[in-house]
Structures are given as structure tokens and as C-alpha cells.
Amino acid sequence: MHRDYDAGMKPISSRHRFAAPSPLMWGGMSALLILACLLAASFVQTVLSSRILATNFVSPATWLVLTGARPSASALPDQATVGYREIVTVTTVLILLTWGIGAIVVARNTERGIAGSIVTWGIPTGIWWCALDLWEWVWIVSSMIGWESLTVVVTLTPQLWLGFCIAGMITNFVVVAIPTREPDPASTGHLRRATRWVALASLIYILTFTTMNWRLYFNLLIPHGDSAMYEEHLWNILHGKGFRSYLDQGLFWGEHIQFVHLFLMPLYVIWPSHLLLEFAESTALALGAFPVFWMTRRQTKSEWAGLAAAVAYLLYTPMQFLDIEIDLKTFRPEAFGIPLLLLTLDQLERRNLRGFVIGLLVTLTVKEDYAIVFGPLGVWIVWREFLESRQRQFTIAEESRTPIPGFNRRWAVTGAIVAAGSVVYLWVATRLLMPWFRSGVEIHYAGYFKKFGATPEQIVLNMLTNPGLLLGELITPETILYALAMLAPVAFLPLFSGGRLAVGGPLFGILCLNSLARDPRHHFHAPLVAIVFWSVSGGLPVAQRSLQALADRWRVSATFGTIPILLRTILWTSSLTTGLFVTLGPLGVPFWDAGSPWNWKRLYGQSPRAEKFARIASLVPQSSRVASTDFVHPRYTHHERSYDYSNYSRKVSNYEKRVPDDTDFIVIDTQHPYSTVKRPEEVPEFRDHPDQWELLPDQTDGFFIVLRRRTSAIQ
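Note that the sequence shown covers residues 0 to 714 in numbering that gives the first Met the number 0.
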């Protein structure tokens, strides 16, 4: 029999005998089975019949294969004819298999017997299969009544609903198959065992994502801009060139007050490679599972709830997209903020003032954005101390019979300082420091909020004086989808800890107003990941008490042990299943989908571009100054100068679309994802100034173009 090892829990030793199902129950179950097959098949048919709906699950190429639809010469079809009979057959086989296999496992773990297990396991599972088609009915009704916003949200979320239903089935199986637990006050739990599982899960994450990141680097698929440029920062500092890459307008602090990656310098001196940064980032993100485990265990008194939260964190797709973004930017210093903020919150919960302050200061080195989280956190600390002081005034310690201390002034004052200091820091960073490093040029943030104004002052003023415009931007289908993408993978448990979740509210609102940041497949939401899991740890015990109260009120036979199992299972299964069609990792469909741009063979297999580049890698001396296109650019960051060859205007080129005057070589990757140059005669420098540039012999079958400045042109 499977045993649970919760602290404070022990398995009931006695086995219960269950009465054989009645004919009425068999009849009801048979009807439910037929209905489940029909409704599930209807869901599948509806999804497969529409290209827009189906591409929430698979690539357009795979959809064409599945449906047999034929594209026209100019475009893909919007609809496909899918036979209902074939789908019913497939779904019936799938439902019967899950029903039968699950019943066998339940029968082995309980005393229900095979007949009783079929009914006990099958009825709620059949309900979940039926619930799958609820999405279709909402979609149809919203379309019929013309509720456009709801239709958009529903159209883009069938994969979330499918994932939630699968998570519900798995949770139902775990609850039914594992015997009920009861409290055991004498139990001390199995902390070491749970910690080892967290360590193993973290190690698997590190190995998986480090391997993926390294393969992307080897295959020339990592862009320099906003990714490999951070390694150039370390190289340039190490060689006396300043805290910059040659993409920057000057020193990097004109872009962000961000220098957390400089802490890698001692290791970088030993191993000066971009691969080090990729390994460090994946490791840091994985280690965030430990403070999640500690905080959840502390709140729930359960090692296994802590483990479930840690696993959910590692499976959480908004976190994983900090490791590999949807556009394959694989390194962002913002990622270090997630474990640092989680550790800071853990110190807050431990009431370690010194550790909290140190954590806060270190986290602020990640990016100025984290001040937007620390401000509300300071307010939350003050409010928490006020509420707890009110409770303490009327509470007597049960054991000592002495009054519990009241208002903690140290923490209240700390909270007030954090709240006020965060506002001051954010103003100094964005209105004084960053403009100073940009020689007075307005910070680039302002361009993200063009609807509200051209400067931060105009933006804030318009937000305060034009509530209609503000609400119109805050409440949209895109922002609703954003909220669903952040909360659905954790089964909406953060909502049970509204105070903690509200700490991330201002930042979430700002991101909703940012036209570039409404997609959690990028990096802007990094601080919210920590807030979400801090809220999970606080929300789990509240959800447990709430469900127990409902069970008692409705006289449902839910024991004290069943509800914790249910909640922690729905937590990690939701994170797993809602990411099936989103994550870029091996647990996601895009990884295996042959037609997907994120298919493993396309990204991580052998790369012709990398093989061709190896032929010219030695042509450009490290002492030279090189202008190169984006994806080959990371190979030249250790040269004397490494310039960006693109359509962007750079300060090093006097903001003109040309290479800097001191450029020795131009290297153009004709096959990279955004390449616009395919032949040497299309290169403006070679076409317009053949007397200044020499075309080196092609050794790469046209994959790369290498130009060298003629010696006479230099003289």
C-alpha cells in the first residue's frame, strides 16, 4: 500500500470494506461513459476543424497532417473537415484505457475490489471527460451573443482548459488510489527525504536546460542583442573597455541599473565563456525551488506540500521562459532575481531582519524593476504587523500562559522604510542615473507607453487624469490571458492569499500597460514569478481550511488527510499539464512537434550553419574590429571590437546605418532567422565601395559572407 509521509499525518492502518456497486450505479456509470465519449469527441472535433483553435495545440504543419487539409497556393485553410465517427472511436478507446488501468491500480491499493474501483474511479473521471466539452459550449454561446472579448479569450485558451481537466483527472486518481490519512501529532515528518527529491528535481532541471542552452549556442541560434551581449559586458570589463557592449549607447547603466551578472566575474576569470553564464542562469533558477519548498513547508507543516510546490515551480512555464524565451534569448540577468527575491521573502518569513535587508539590497542589483515589488512589500509588512498586533492583544500563549508580544516596531519601521525607499530609488534610477549615463536622452522605457505620453511625467499624469484610457488598457483580452497564463499553472491557489498576491499588483498593472510585456513567454514578468509562489505557500493552508469548511457544511465525507493530498496534487499537475502545449522543454508538445519552430531536431540537432561557420572561424584575427550580424555576433565578442551589423542606428556609427570607420572585417550570416542579405552584391559596403572592401573566397557554400577592409583603404 502506498504510504504518505506528511508531518502530522499517518496512514490509517485498518482497511475498509466497500459494498458492491448496485445495478443502478452500473447503469449510471454506463450512461456517463457514453456521454463522456460523445462530449470529449465533440471537443476534439471542434478544435481540429479550426486552424485557429488547433494551433493552440500543434503547429499548422502538423494540423494539416492530422486533418488532411490542403493549403492553397497563397495561404493555409481556416477550416478542415474532420470525421466525428473516427474521433469518437479514438476517444472511446482512450477513455476505456484510462478507466480500466486506473481501476486496476485503485483496486490494488484499496479494499474496494475491481468492481468497486471501476465505479469509484470511473464516475469522477467520466465527469472530468464530460467537463472537457464545457469549453466548447462557452465558446459557442459567447460567439452567438457577440461577446467579442470573451470569445477571444476562450478561443486562445482551449489548451489551458484541457490541461486543467487532465490535472483534475490525475488529482482524482491520486486521491482515490491513496488511502486517507489522519493527523499524527507525534510524527516529525521526513524532511531529508523530501529535500533530496527537491534536489533531484532541481538537478534534472539544470541538466536539461543547460544542455538546451548550450546546444542553441553551438548551433548559432542565440542572438547577441539582449542575450549574449551580457557576456560581452564581462569580457569588456575584464579587458578595460568599460561596463558595456558595443550595442549600448554608452555605459550599460544608461539602459538599466543592472549589474547582478558582474558577480560571476570570479568564475568568468577562470572560464571566460558565454556557456558559463547559461549554466549559472539555469542553476540559479533551479535553486529557487528550495526557498519555495521551505516557505510552503513552513506554512503547511507538510514536507510533501513543500515538495509539490517546488516541483510546480520547476514546471512553471513563466519561469522556464526566463531560461529560454520564445525568441530564443537564453540569458537575462532578470532571471537571477527570481531566486534572490524568493530567498529574501524566505528571510522575511523567518523574521530574520538582517537576512531580509541583505537579500533586498542584492535583489536590487538585478534591475530597477524590482523596486516596484519592494514598495508594495513594505506596505504589506506594515499592514501585517498591524493586524498581528491586534490579534496579540487578546491572545495568551497556550503553553506559557504569558502575553504574546504586541506590535513589532522594528519590522513596522523596516516596512515603512522599504516602501518609501523603493519609490525614491526608482525615481533616482529612472530620472537621474539612467538619463545621466545616456547623456540626457530620455530612457527607453517611455517608448513602451506611447498611448500615455512621451516622458515618464506625461505618462503618469495621463494615467491619473484619464481613468477611461487607463482602464481601457488594463482590462482587455490580452491582460486577461496574461493573468490566466500566470495563475492557471498553479491552480489559482495564489488567490487564496490575496494580500501577498497584491504585492505584485502594481507591477502586473504596469506590464499590462506595456505593449511589449503582455506575454509571459518573455522576461518582463520575472519578479511576479517569485510573488506567485510566495502566494502559493500562503494560499495552500487557507485553501485547505476553506475546502474543509465547505466539506463540513455540505456533509461531504472529506477527511483531514484527503484535502491536503488533493491541493498539493492539483498544484503540481496543473503546472505540468497547462504547460504541455506551451513549454519549450522536453515535456512539451512543441519540443516533439515536427512542424514546430521549436522542434528539438531543428534547434538542438546538427546545424549546417554551425558546421559551415567552423570553416571560417579562424579567418578573423582576435585583434581585429568586426561588424557582424546578430546570431553570429556572439562569436566575435572577444575581439578588439565587436560591432552590430544591422538596420539599427548605433552611437558607434554616429547613429548612421553604416559600419564604424575603424571596422576591419564584416561577417554576414545569410541564413540566420532575420537575414535580409543573401549575396555579396547585396552588401552596401561591398556594392558601393568595392575599392575599400575585399570579398574573401567563399568556403561556406553561401552561408556566410566575409569582407575584409583593403589595406590601401586604411592608409
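Every residue, glycine too, gets a C-beta built ideally from N, C-alpha and C.
Everything numeric in this text was worked out from a predicted model, so none of it was measured.
Next on the checklist: Comparing C-alpha positions only, which one of Tyr-245, Leu-480, Ala-72 sits nearest to Arg-649?
Outcome noted: Tyr-245
Checklist entry - From what residue to what residue does the alpha helix (DSSP H) around Leu-570 run? => result 561 to 576
Checklist entry - Taking the continuous beta strand (DSSP E) assigned at Ala-626, which residues delimit it? => result Residue range 624 to 627 is occupied by the beta strand (DSSP E) that includes Ala-626.
Checklist entry - Hey, out of Arg-350, Ile-357, Leu-566, Asn-351, whose CA is closest to Leu-339's CA? => result Ile-357
Checklist entry - Using DSSP with H/G/I as helix, E/B as strand and the rest coil, what is Trp-234? => result helix
Checklist entry - Roughly how many angstroms lie between the CA atoms of Val-365 and Asp-629, to the nearest whole one? => result 25 Å
Checklist entry - Buried or exposed: where does Ile-667 fall if 16 or more other Cβ atoms within 10 Å of its Cβ makes it buried? => result buried
Next on the checklist: Quick check on Trp-293: buried or exposed, where buried means 16 or more other Cβ atoms within 10 Å of its Cβ?
Outcome noted: Its Cβ being crowded by 16 or more others within 10 Å, Trp-293 is buried.
Next on the checklist: DSSP has Ser-641 in a bridge; who is on the other side?
Outcome noted: Beta-bridge pairing links Ser-641 to Val-625.
Checklist entry - Is Pro-184 helix, strand or coil when you go by DSSP? => result Here Pro-184 scores only 42 on pLDDT, less than 50, and its place in the model should not be relied on; the value that follows carries that caveat. In this structure, Pro-184 counts as coil in the three-state DSSP scheme.
Checklist entry - Do Leu-149 and Ala-39 come within 9 Å of each other at the CB atom, strictly closer than that value? => result no
Next on the checklist: Less than 7 Å between C-beta atoms, sequence neighbours within five positions excluded: which residues of the same chain meet that for Cys-36?
Outcome noted: Val-87, Thr-90, Thr-91, Ile-94
Next on the checklist: Considering only DSSP beta bridges, list what Trp-692 is partnered with.
Outcome noted: Arg-708
Next on the checklist: Is the separation between the beta-carbon of Gln-543 and that of Leu-566 shorter than 9 Å?
Outcome noted: Yes, Cβ-Cβ distance for Gln-543 and Leu-566 is below 9 Å.
Checklist entry - Does the beta-carbon distance from Ala-288 to Ala-411 come in below 9 Å? => result no
Checklist entry - When the distance is taken between beta carbons, is Arg-640 closer than 9 Å to Phe-612? => result For Phe-612 and Arg-640, no; Cβs fall outside 9 Å.
Next on the checklist: How far does the beta strand (DSSP E) with Phe-664 in it extend, from its first residue to its last?
Outcome noted: 664 to 668
Next on the checklist: As a quick exercise: from Leu-360, Arg-409, Glu-367, pick the residue whose alpha carbon is nearest that of Val-381.
Outcome noted: Arg-409
Item to check | Segment contact flag, the stretch 270 to 280 with the stretch 451 to 470, C-beta cutoff 8 Å, min 3 pairs | outcome: no
Item to check | Same chain, Cβ closer than 6 Å to Val-104, five either side skipped, listed in chain order | outcome: Ala-176
Next on the checklist: Between the alpha carbons of Leu-31 and Arg-111, how many angstroms are there, rounded?
Outcome noted: 20 Å
Item to check | Phe-330 and His-273 closer than 9 Å at C-beta | outcome: Contact: yes.
Next on the checklist: Would Gly-170 and Thr-572 qualify as a contact pair, given that the criterion is a beta-carbon distance under 9 Å?
Outcome noted: The displayed chain sequence assigns Thr, not Gly, to residue 170. In this structure, Thr-572 lies closer than 9 Å to Thr-170 by Cβ.
Checklist entry - Shortest alpha-carbon distance to Gln-259 belongs to which of Glu-680, Ile-325, Ala-334, Ser-623? => result Position check: residue 259 holds Val in this sequence, whereas Gln was assumed. The shortest C-alpha separation from Val-259 is found at Ala-334.
Checklist entry - Leaving out the 5 sequence neighbours to the left and right, which residues in its chain are closer than 7 Å to Leu-342 when beta-carbon positions are compared? => result Cβ contact annotation for Leu-342 (same chain, cutoff 7 Å, sequence separation greater than five): Pro-290, Gly-358, in chain order.
Checklist entry - Buried or exposed: where does Phe-218 fall if 16 or more other Cβ atoms within 10 Å of its Cβ makes it buried? => result Residue 218 is actually Asn in this sequence, not Phe. Buried, by the Cβ-count rule.
Next on the checklist: At 4 residues or longer, what runs of the alpha helix (DSSP H) sit wholly inside the stretch 219 to 276?
Outcome noted: Listed in chain order, the alpha helix (DSSP H) runs fully inside the stretch 219 to 276 are 228 to 237, 264 to 269, counting runs of at least 4 residues.
Next on the checklist: When you measure from the CB of Val-151 to every non-hydrogen atom of the ligand PLP, does any distance come out below 8 Å?
Outcome noted: Here there are no bound small molecules, and the ligand PLP is not part of this structure.
Checklist entry - In its own chain, which residues sit with a C-beta less than 8 Å from the C-beta of Phe-702, not counting the 5 before and 5 after it? => result Result list for Phe-702: Pro-607, Arg-608, Lys-611, Phe-612, Asp-668, Thr-669, Gln-670, in chain order.
Item to check | Close Cβ partners of Leu-306 (< 7 Å) along its chain, the five nearest in sequence each way excluded | outcome: Ala-193, Trp-196, Val-197, Phe-292
Item to check | Pro-488 to His-223 span [Cα, whole Å] | outcome: 31 Å
Checklist entry - Does the Cβ-Cβ distance between His-716 and Glu-324 come in under 9 Å? => result Only positions 0 to 714 of the chain appear in this structure, which leaves residue 716 out of reach.
Next on the checklist: Once DSSP output is grouped into helix, strand and coil, what is the label at Ser-496?
Outcome noted: helix
Checklist entry - Just how far apart, CA to CA, sit Ala-557 and Thr-119? => result Unreliable placement is indicated for Ala-557, whose pLDDT of 49 sits below 50; the coordinate value is still reported in the next sentence. The alpha-carbon of Ala-557 is positioned some 15 Å away from that of Thr-119.
Item to check | Residue-chain proximity (His-260, chain B), Cβ-Cβ < 9 Å | outcome: Chain labels in this structure do not include chain B; a single protein chain is all it has.
Next on the checklist: What does DSSP give as the partner residue(s) for Phe-703 in the beta ladder?
Outcome noted: Asp-668
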